[in-house]
Amino acid sequence: MKRRATLYSYSIVHSGTDAFKDKTPYLLAIVEENRRKSIARIEGYSDGIDVRVGMEVEFLAEAEDGAARYRFVQ
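One point on numbering: in my numbering, the residue at position 66 of the sequence shown is 81, and numbering is uninterrupted.
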């Protein structure tokens, strides 16, 4: 079963640090999964994509530092 979460809040980053400047724009979000909120990066964002609070996202992976990555549900 796929893990899904709801987009609770988000910010589109257009100017990143040196480590992320070649990956802008990117979307950082607070997602809610099973009544728990966490910060995550949402993969697959590009300018022009319609992003709305309440959208469903799907869990992709968790990095060694505990950071979660999600993607938009198609």
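Positions of the beta carbon are idealized from the N, C-alpha and C atoms, including for glycine.
Exclusion of the five residues before and after Ser-26 leaves Leu-43 as the residues of its chain whose Cβ lies within less than 6 angstroms of its Cβ. Secondary structure of Lys-17 (DSSP, three-state): coil.
Taken atom to atom, the span from the alpha-carbon of Arg-51 to that of Val-72 is near 14 angstroms.
If you look at Ala-55, you'll find it in the beta strand (DSSP E) that goes 51 to 58. With 16 or more other Cβ atoms from the protein chains shown falling within 10 Å of its own Cβ, Arg-56 counts as buried.
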